[in-house]
Amino acid sequence: MGTENTVPVDQAFLEELREHQYVLPNSIDPFQLVLKLLGNLRSPDPILRDKLSYTTLAHLLGTPLNLFYRYGVLT
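Take the sequence shown: its position 4, counting from 1, is numbered 1368 in our numbering, and each next residue is one higher.
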């Protein structure tokens, strides 16, 4: 509940995430990040929407299920 406001989805964070091959810091809730990225798909900014949010979503949703177990999304 409180973590949803702390999940960054700005351009700087998403570029850094891409540079680190989409490895999420332990402090980031993957489920909350996905929800915020889905919201970014409505952005009029094509870089934030297409280049960063869409590709980040594709990488996160393409992550093998064992990583979701590791991050506690699935138990």
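We put the beta carbon where it would ideally sit given N, CA and C, even for glycine.
Ranked by how close their Cα comes to the Cα of leucine 1399, the residues Gly1426, Leu1421 and Gln1375 have Leu1421 in first place. It is roughly 22 Å from the alpha-carbon of serine 1417 to the alpha-carbon of glycine 1436.
Short of 6 Å from the beta carbon of asparagine 1390, and not among the five residues preceding or following it, lies no beta carbon of its own chain. Separation of glutamine 1375 and leucine 1381 (C-alpha to C-alpha, rounded to the nearest whole angstrom) is 10 Å.
Just measuring C-alpha positions, the residue of Leu1425, Leu1397 and Leu1378 sitting nearest lysine 1415 is Leu1378.
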